[in-house]
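Here the protein sequences come in this chain order: A and B. Here the UniProt record's numbering is used: the first sequence runs in plain steps of one and ends on residue 189. Here the UniProt record's numbering is used: the second sequence runs in plain steps of one and ends on residue 189. For each residue, glycine too, the CB sits at the ideal point set by N, CA and C. To start, the structure itself, in structure tokens.
There are 2 protein chains.
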Amino acid sequence: MTDPSAYRRRKQPDLVRRTLLDCAAKLALEHGLGAVTVQAVSEAAGVTKGGLFHHFPTKQALVEAVVTDLLAQVEADIDAAIARDPKPQGAYTRAYVASTLSDPLLPESGQWAALHISIIAEPSLRRLVAEWLSARVERHRDTDSGPVLEMVRLAADGAWLACFLREEGGPVPDIPALRDRLIAMTFAG
Amino acid sequence: MTDPSAYRRRKQPDLVRRTLLDCAAKLALEHGLGAVTVQAVSEAAGVTKGGLFHHFPTKQALVEAVVTDLLAQVEADIDAAIARDPKPQGAYTRAYVASTLSDPLLPESGQWAALHISIIAEPSLRRLVAEWLSARVERHRDTDSGPVLEMVRLAADGAWLACFLREEGGPVPDIPALRDRLIAMTFAG
DNA sequence: GGTAAGATACCTACCAGAAGGTATCTTTCA
DNA sequence: TGAAAGATACCTTCTGGTAGGTATCTTACC
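Set out below in structure tokens:
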């Protein structure tokens, strides 16, 4: 948008870049991926289209950056949880469940879920997530394979999905209870 | 799509309408919801934009018709399964699991899943699905409530989601085995 | 049964706006 | 001073949508 005084404000490229990513995510989250246009994102970030294109060569690059950024956050979250876990066996699965069904995620968890859904709805982005996921599973194959652990992670996905769908009316499943039960199962297997 | 001879071909409104719905679904399924433009849909259906707008007053109407059509198919599938089930207790849950994880759905189940995902990714369409789902749950509350049955349906959702994400590389979970286990659980509860 | 009248189905041609993207200009920072 | 940060203006393409045409189908009446 036209802001003649924008020249004069302090240049904070990193912050602008972050803001662009956040705004893109927020738009996708609140109004669907279709609402993520170059115009809307740059406008929401208080920058012009030209500014956006300085940071991201193309729109695809922007949205891929959003995805990889999101995955990196989740990855860090999971790794931290694994590091805190004294028992290596099933640690990844526990971390995965906790991350997927975590409290900070949950209050507006539908929100984050919506973003994830938007992402995997797009074939091009789906690959990114699928590859990340399979890489993670492969990496923790020694400690986190077997039918029980796999089923636990699977149920976590389902719960996450359900909880997001139920967001507009309908009974929300008892996530904390389910989470505890799932984590308990990782010790039995 | 300029086809001067198109005037002369037989008029088959119902078939054209169906074709439009199918093509829209196929486009969403293969290239994401973003690929569903009135141009692309009408072209794929061998009709002009004007022809499409004769059947559907707006694009939104078209895509909502796709959704309700899809839900109607699933509903018929589930109802048929319930009718075949001798035991009323948990019949809906069994039908739901079977439908979600059914073989005819499974070979390219990623396909159908992708369509569902595309649908619930769009906030406006999500409501349709959520309402349908909660109406169904409410309708079978007498025979299909309780934590076990709910968890079973939840796990089915998760399996469906997982199996769809794993489609491009990565180990596909053993769906038939899981399905049998889930259905067995509906009798225990 | 034939035919005129009207509805239905579908096409052609267009539009206003928004999409992503580029080229080029200032301004700020190191 | 030179490179990075960001603004402005513009282009092309495609978007959903409309107006008005022309066929085909259906019904009513004789």
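Residue closest to residue i, alpha-carbon to alpha-carbon, out of the options
i        : options                                 : result
B/GLY46  : B/GLY34, B/ALA76 and B/CYS23            : B/CYS23
A/TYR96  : A/ARG84, A/ASP77 and A/LYS87            : A/ASP77
B/MET185 : B/PRO176, B/ALA177 and B/VAL152         : B/VAL152
B/SER99  : B/LYS87, B/PRO88 and B/ASP79            : B/ASP79
B/GLN73  : B/LYS49, B/VAL137 and B/TRP132          : B/TRP132
A/ALA135 : A/ASP157, A/GLU122, A/TYR92 and A/THR58 : A/TYR92
A/ASP157 : A/PHE187, A/THR19, A/GLU122 and A/ARG94 : A/ARG94
B/VAL137 : B/SER42, B/GLU75 and B/VAL16            : B/GLU75
A/ARG127 : B/VAL16, B/ARG18, B/ARG17 and B/HIS31   : B/HIS31
B/LYS49  : B/CYS163, B/ARG17 and B/GLU122          : B/ARG17
A/PRO147 : A/ALA25, A/THR58 and A/ALA188           : A/ALA188
Residue i and residue j closer than 9 Å at C-beta
i        : j        : result
A/VAL129 : A/VAL67  : yes
B/ALA113 : B/LEU161 : yes
B/LEU33  : A/ILE120 : no
A/VAL38  : A/LEU27  : no
A/ARG90  : A/LEU21  : This sequence places Gly at residue 90 of chain A; Arg is not what is there. It is not a contact, given that the beta carbons lie outside the stated cut-off.
A/ALA159 : A/ARG141 : no
A/ALA44  : A/PHE56  : no
A/LEU29  : A/LEU115 : yes
A/PRO13  : A/LEU101 : no
A/GLN60  : A/SER145 : no
B/ALA155 : A/ALA155 : yes
B/THR143 : B/PRO88  : yes
B/ILE117 : A/ILE183 : no
Residue i: first and last residue of the uninterrupted alpha helix (DSSP H) it sits in
i        : result
A/HIS55  : 49-55
B/ALA30  : Here the sequence assigns Glu to residue 30 of chain B, which means Ala is not the residue at that position. Run containing B/GLU30: 13-31, per the alpha helix (DSSP H) assignment.
B/LEU62  : 59-84
A/VAL97  : 91-100
B/ASP180 : 175-188
B/ALA44  : 38-44
> Can you list the alpha helix (DSSP H) stretches of 4 or more residues lying completely in the segment 129-170 of chain B, in chain order?
Replying inline: Qualifying alpha helix (DSSP H) stretches, in chain order: 147-165.
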